[in-house]
Amino acid sequence: MTTESPSLSYNLAMDCSPRRKPTGDSTLRIIPAGPKATIDRSKRDFLRAAIALLAGLNLPTTSLAGGGRHGVGGSGQRVVMVIFGGVRRAETFSPQGLVNIPHLSGDLLSQSLFYRDARNEGVTAHFNAVSSILTGNWQRVDDWGKLAPTTPTLFEQFRKGLGAAQSDTWVVASNKALTSLIGASSAMDYGPAYGANVVFPKQLMIAAVVNALRTGRSRNMADREKVQTELQNMLEAGNYEGLGWSVFDGTERLDPRVRDTITEAIATFARGGGPTSGDELTFLVGREVMRKFSPRLLVVILSDVEAAHFGSYAMHLGGIRTGDRLCYQMWQEIQANPDYRDKTTLVILPEFGRDPDGSSTNGFFNHRGDTESTRNTWMMALGTAVDKPRIIERPIRHVDVCASLAALLGCPPMDTQGVRLSELRV
Ligand SMILES: [Zn+2]
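When you read off a place in the sequence shown, starting at 1, and then add 1, the result is the number in the working numbering.
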């Protein structure tokens, strides 16, 4: 049965928990300790390095020239998509979960088109889940991203169909289970020539720290041990699901001046102390990409929640809270940035849920079960495509997202397993 709630009196199965008031906490707190001046300088140096790093990637120079060159085709609309890792309904949009998502439930829900039942009916592993969302077809390729999706991605449709430039399409991802093959398919007549820029900020940062230690550049650091501890923590935290470490090969071809800048800035960043998160870094780089290159289609993939694989429920919840805040900050950035304000649709969705408590796969640790808890998630849309905020009870599928976003961007209709979501205004 498909029904639509007439209003936003969101009733999460008899939810009586009070909706939280917006906290207004939009301040980035990357480094929680230390004098303010140090924080600001570290952050600034780091951002400068991140930009230098982006500019030094092995991308066609024409695509990055002039701060973003855009093709002329398309609707003039922009799309920003934030994809979480796996989160269950129990820890998010449920009575007991709302405490973990104060921004999504308190600040954004009332402005949104909220699909209460968004389903992953494909492979519930990261690379397949994300590539199914990005292609509109259930992908069953290698779980670790050794093979590209087999049908064209939204990036390729946008670029080939409308002549959009490479600088118009970006993926910025935390998730180690992804590879650069997420940016383009292996489909005939498409492929990397029409693919997105793909950046893994955490991998690049770690590579830079490794390089600094290896070449002895760290000898001037005030506290080398701390940098090494930080590095160790990042490496351990990033070792999701036993995937072997592989450094994004773009780093090996960086201009030496760019590499020095990065190395020094990261040393400063690490020396600032305090824990940081891969998703914070991914958000910062994504935001800088918006400011410098102004892409019309940006996909940001967060994965702090995947700390669940180590069995830490507290870290998993921490990841949800970080993602909740970063989604809100992304919405604020869209409102503040004249290139995006009033012409952008922000879509937020998890890749899948996680296994139910008491399951043979260790409950929230994993996302392997063929269960509602693993397959059933939600999706939120904000911005220009939202005619009227409301909650859609009708189940939708992850493969429906691509065709809908393609239509927003003005792409010709795509031949996909998914169908357009009629509620999104084109
Ligand atoms: Zn996972």
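No residue lacks a Cβ here, since even glycine has one placed at the ideal position from N, Cα and C.
Whole-number beta carbon distance between residue j and residue i, since they are thought to touch under 8 Å
i, j, result
"Arg117", "Ile392", "6 Å"
"Leu327", "Asp280", "6 Å"
"Leu347", "Val81", "5 Å"
"Thr154", "Gln140", "Between Gln140 and Thr154 the Cβ distance is about 10 Å, and since that is not below 8 Å, they are no contact."
"Ile183", "Val199", "6 Å"
"Phe115", "Val306", "That pair is no contact at about 20 Å."
"Gly74", "Leu163", "3 Å"
"Glu122", "Arg398", "6 Å"
"Pro103", "Asp325", "7 Å"
"Phe294", "Ser168", "5 Å"
"Gly384", "Thr345", "5 Å"
"Met381", "Leu109", "6 Å"
"Phe94", "Trp379", "5 Å"
"Tyr341", "Ile335", "4 Å"
"Thr170", "Leu282", "Incorrect: roughly 21 Å between the Cβ atoms, too far for contact."
Contact test: residue i Cβ vs ligand 1 heavy atom, cutoff 7 Å
i, result
"Gly370", "no"
"Glu92", "no"
"Gly87", "yes"
"His399", "no"
"His317", "no"
"His310", "yes"
"Glu307", "yes"
"His127", "yes"
Cβ neighbour criterion (16 or more within 10 Å) applied to residue i
i, result
"Asp371", "exposed"
"Gly312", "exposed"
"Pro296", "buried"
"Ser113", "buried"
"Pro414", "exposed"
"Pro339", "exposed"
"Glu373", "exposed"
"Val387", "buried"
"Val420", "exposed"
"Ser423", "exposed"
"Ser175", "buried"
"Lys203", "buried"
"Cys412", "buried"
"Ser106", "buried"
"Lys177", "buried"
"Met189", "exposed"
"Ser361", "exposed"
"Ala197", "buried"
"Ala407", "buried"
Own chain, CB closer than 6 Å to residue i, minus 5 neighbours either side, in chain order
i, result
"Thr125", "Phe353, His368 and Thr375"
"Gly287", "Val173 and Val301"
"Gly192", "Ala185"
"Ala404", "Gly137, Met415, Thr417, Gly419 and Arg421"
"Val195", "According to the sequence as given, residue 195 is Tyr; it is not Val. Only Glu157, Arg160 and Lys161 meet the Cβ criterion."
Test: residue i CB closer than 8 Å to a CB of chain C
i, result
"Leu410", "In the displayed structure, chain C is absent; only one protein chain is listed."
beta-carbon residue i near ligand 3 non-hydrogen atom, thresh 7 Å
i, result
"Val300", "The ligand content of the structure shown is limited to ligand 1, which means ligand 3 is not among them."
Neighbourhood of residue i by C-beta, 7 Å cutoff - its chain only, sequence neighbours within 5 removed
i, result
"Asn377", "Arg90, Asp118, Arg120 and Gly354"
"Val400", "Ser133, Gly137, Asn138, Trp139, Thr417, Gln418 and Gly419"
"Leu179", "His127, Phe128, Val131, Gly146 and Ile302"
"Pro390", "Leu9, Ser111, Gln112, Ser113 and Leu114"
"Trp332", "Leu109, Leu347 and Leu383"
Contacts around residue i, its chain only, beta-carbon distance under 8 Å, and the 5 residues preceding and following it disregarded
i, result
"Phe365", "Arg89, Glu92, Ala309, Tyr314, His317, Arg355, Asp356 and Asp358"
"Leu148", "Val142, Leu182 and Ser187"
"Asp144", "Val124, Ala126, His127, Phe128, Asn129 and Ala178"
"Asn363", "Gly312 and Asp356"
Query raised in the report: Just checking, does the region 349-365 make contact with the region 128-144 on the three C-beta pairs under 8 Å criterion?
Result: yes
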